[in-house]
Amino acid sequence: MAYRLVPEHGPGQFDLARTRDNLMGTYRYRGINQPEFYKDPVARRLLGNYLVLFEGLTQIYVATKDFGGAFEALQFAEMNIPPHAMDDDRMWRALSLRYRDVARGYYDQGNRDSSRVALENLLRMNPELGSQNEIGQIFNLWKAAEPDS
13 MAYRLVPEHG
23 PGQFDLARTR
33 DNLMGTYRYR
43 GINQPEFYKD
53 PVARRLLGNY
63 LVLFEGLTQI
73 YVATKDFGGA
83 FEALQFAEMN
93 IPPHAMDDDR
103 MWRALSLRYR
113 DVARGYYDQG
123 NRDSSRVALE
133 NLLRMNPELG
143 SQNEIGQIFN
153 LWKAAEPDS
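Now the structure itself:
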């Protein structure tokens, strides 16, 4: 992968370009997103390692305010390593919460449409969030504030 051992925790640990190239260009995810392909329990658990790397990639994108890059990484991960390929959906639930970070970043930049799309993806991946906290209410307020509503 593209982690570095460095003297102290910081931005130099993670090579953004190299990780992105590896995860979204070099590595092939053949058969992972196809439910008819058999994946033994060990293989399904090992897929979580990719999700950890996608989470790191998304975190760096958010930290550098590249919300488009973060959204693209989340969509790529979801398409190639979908929740149904995993034994335990907790890894995906944790990663999908990054849609919230993307939505907030877009919102802070004044990009409501992209923010709404990210929130819709968050609620699609975690529908129970809409009833458990203010995310669903925020989404409804944004819709109500639209000039064409």
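Sequential numbering from 13 applies to the sequence shown in the numbering used here. Even for Gly, the Cβ is constructed at its ideal location relative to N, Cα and C.
- Going by DSSP, Ile72 is part of the alpha helix (DSSP H) stretching over 53-75.
- The beta carbon of Gly117 is closer than 7 Å to those of Val74, Lys77, Phe79 in its chain, skipping five residues each way along the sequence.
- Spatial neighbours of Pro94 in its own chain (CB-CB distance under 7 Å, excluding positions within 5 residues in sequence) are listed in chain order as Asn45.
- Counting along the chain, no alpha helix (DSSP H) covers Tyr50, and no H or E run does either.
- Looking from the CA of Phe49, the closest CA among Leu86, Val64, Met98, Ala29 belongs to Met98.
- Taking a C-beta distance under 8 Å as the contact criterion, Leu35 and Leu65 qualify as a contact pair.
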